[in-house]
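Residue numbers (full-length UniProt numbering): 1 to 486.
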């Protein structure tokens, strides 16, 4: 007797297909018994074109009949429920997202699962609940189809013994999300994935650690008997300015909009004047750096956003000169200059940021950081992968002030992306960014403040421009709706 994975017994029958969209299907159920067994995220099997072929879907929504037929109205998520609203609820209705195709027999092979629906289900086809025993067989088929050397174990599916696995090569070359409520084990899962990914060939992963909870995976902080799997970096703070693993994000790496978002009060009546003088002096200082260092080839392409070093103290001196400046009036009498008194609050905010010791990684960079060739060594230090370093890098942002955290992460991400972008295509190595607590710097646009929107725009630009060899994102968060979709 052939051992079948999908159980098509009457007890597993949910109902029939009533509506098909490009990636979803609506199932109408007449069984009041089985509808009580269903929960969101249960898997269902929909009859395919042959008796041994099934489309696999995951339940997204369940609408339970509660009385006489009437249209479903006034739902909070009305826009997403358009398909469900087109039915009277004299039937129980399920919305299912299609995730794959399964064959009991596929050519010479048996028990084959492939990601993505190979075709659309047909109306009136039966849909079956994949119960515990069938689920274990299905997951076993997926497990057996993934080569051991690139197999990552994610855990078990629900309260079953079904092992959830992923193809390591494919997982880190796609955008993905790891979601779970507080205390559900997201951090443990990330650590487990990284430990397994460290065994893969050519791993190239950068983890943004917002709370310093992954540093034990590195050489410096590993106190266990297990081998270290990652290189550890920490954004410089007052207590570790000279540590070898400390990294800086100099103020001159920030573009004009990013700097102004930290310093400019848009409600100030003099905000346009402050922005204008800031832009003028930054460009002037960058041009002076090019001239003094003999880098004349950059003169024609210089912009105010170019990552060219300049002294923040020189900038303050020029702003003060404007703020206190005078000009000749009638009868050669000195009167207030055009900018006199209009930059005072801007200078005060800038000085406050500089004096805040927590911002030392921005404004207290070392002299060597102002050398023209420093950026190349900076990039190599973070991205290198040789016999003395690991392919996985952990960057600890735990001591970065929360008000500037999104911008700092965005700037560092853009820099690493640009390094990849301007390399020869044959020399590019795909990078996967694991973004812990992604909701802090990648929230939905309608929940973002000015600083976070700047960070968000950086990630959106990279996601739209990126292709093979460019960054892939693994977002880690407790609630999908708080994270921007890509």
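Glycine included, every Cβ here is placed at the ideal spot set by N, Cα and C.
According to DSSP, residues forming a beta bridge with residue i
{"i": "residue 19", "result": "26"}
{"i": "residue 165", "result": "153"}
{"i": "residue 47", "result": "54"}
{"i": "residue 351", "result": "In DSSP, residue 351 forms no bridge with anything."}
{"i": "residue 92", "result": "29"}
{"i": "residue 328", "result": "334"}
{"i": "residue 389", "result": "DSSP, once it has assigned bridges, lists no residue as partnering residue 389."}
{"i": "residue 455", "result": "In DSSP, residue 455 forms no bridge with anything."}
{"i": "residue 228", "result": "Beta-bridge pairing links residue 228 to no other residue."}
{"i": "residue 487", "result": "The question about residue 487 has no answer, for the chain in this structure spans 1 to 486."}
{"i": "residue 110", "result": "105"}
{"i": "residue 249", "result": "For residue 249, which the question treats as bridged, DSSP gives no partner whatsoever."}
{"i": "residue 59", "result": "96"}
{"i": "residue 205", "result": "392 and 432"}
Three-state secondary structure (DSSP) of residue i
{"i": "residue 212", "result": "coil"}
{"i": "residue 115", "result": "strand"}
{"i": "residue 67", "result": "For residue 67, the predicted model reports a pLDDT of 48, less than 50, meaning its position is unreliable and no value from the coordinates is stated."}
{"i": "residue 233", "result": "strand"}
{"i": "residue 255", "result": "coil"}
{"i": "residue 397", "result": "coil"}
{"i": "residue 102", "result": "strand"}
{"i": "residue 6", "result": "coil"}
{"i": "residue 374", "result": "helix"}
{"i": "residue 40", "result": "coil"}
{"i": "residue 200", "result": "coil"}
{"i": "residue 179", "result": "strand"}
{"i": "residue 129", "result": "strand"}
{"i": "residue 142", "result": "helix"}
{"i": "residue 366", "result": "coil"}
{"i": "residue 160", "result": "coil"}
{"i": "residue 72", "result": "Residue placement at residue 72 is flagged as unreliable, the pLDDT there being 40, under the threshold of 50; a coordinate-derived value is accordingly withheld."}
{"i": "residue 345", "result": "helix"}
{"i": "residue 339", "result": "coil"}
{"i": "residue 194", "result": "helix"}
{"i": "residue 13", "result": "strand"}
{"i": "residue 218", "result": "strand"}
{"i": "residue 358", "result": "helix"}
{"i": "residue 241", "result": "coil"}
Proximity of residue i and residue j at Cβ, strictly below 9 Å
{"i": "residue 202", "j": "residue 12", "result": "no"}
{"i": "residue 175", "j": "residue 375", "result": "no"}
{"i": "residue 171", "j": "residue 190", "result": "no"}
{"i": "residue 372", "j": "residue 295", "result": "yes"}
{"i": "residue 209", "j": "residue 394", "result": "yes"}
{"i": "residue 130", "j": "residue 28", "result": "no"}
{"i": "residue 353", "j": "residue 337", "result": "no"}
{"i": "residue 38", "j": "residue 58", "result": "no"}
{"i": "residue 46", "j": "residue 111", "result": "no"}
{"i": "residue 55", "j": "residue 117", "result": "yes"}
{"i": "residue 264", "j": "residue 349", "result": "yes"}
{"i": "residue 53", "j": "residue 10", "result": "no"}
{"i": "residue 196", "j": "residue 152", "result": "yes"}
{"i": "residue 278", "j": "residue 260", "result": "yes"}
{"i": "residue 147", "j": "residue 25", "result": "no"}
{"i": "residue 339", "j": "residue 325", "result": "yes"}
{"i": "residue 186", "j": "residue 476", "result": "yes"}
{"i": "residue 441", "j": "residue 361", "result": "no"}
{"i": "residue 391", "j": "residue 205", "result": "yes"}
{"i": "residue 342", "j": "residue 274", "result": "yes"}
{"i": "residue 98", "j": "residue 23", "result": "yes"}
{"i": "residue 165", "j": "residue 142", "result": "yes"}
{"i": "residue 200", "j": "residue 169", "result": "yes"}
Short CB-CB distance (under 9 Å) between residue i and chain C
{"i": "residue 251", "result": "Looking for chain C here will not work: only one protein chain is present."}
Contiguous alpha helix (DSSP H) assignments of at least 4 residues, all confined to the segment 258-309: 271-292
Any contact between the segment 428-445 and the segment 264-275? By contact I mean 3 or more CB pairs, one from each, below 8 Å. no
With a floor of 4 residues, list each alpha helix (DSSP H) that falls wholly inside the segment 399-445, ordered by position along the chain. 405-421
Stretch-stretch touch, CB-based, cutoff 8 Å, three pairs: the segment 173-188 with the segment 360-367: no
Sufficient close CB pairs (3 or more, under 8 Å) joining the segment 320-328 to the segment 298-308: no
Is the segment 274-291 touching the segment 389-409, taking contact as three or more C-beta pairs under 8 Å? no
Cβ pair count under 8 Å reaching 3, the segment 131-138 against the segment 151-161: yes
Using 8 Å as the Cβ pair cut-off and three pairs as the minimum, do the segment 289-300 and the segment 402-412 touch? no
Cβ contact (3+ pairs, closer than 8 Å) linking the segment 455-466 and the segment 411-427: yes
Cβ contact check for the segment 371-391 and the segment 226-237: 3 or more pairs under 8 Å: yes
Segment contact, 8 Å Cβ cut-off, at least three pairs: the segment 33-50 with the segment 14-21: yes
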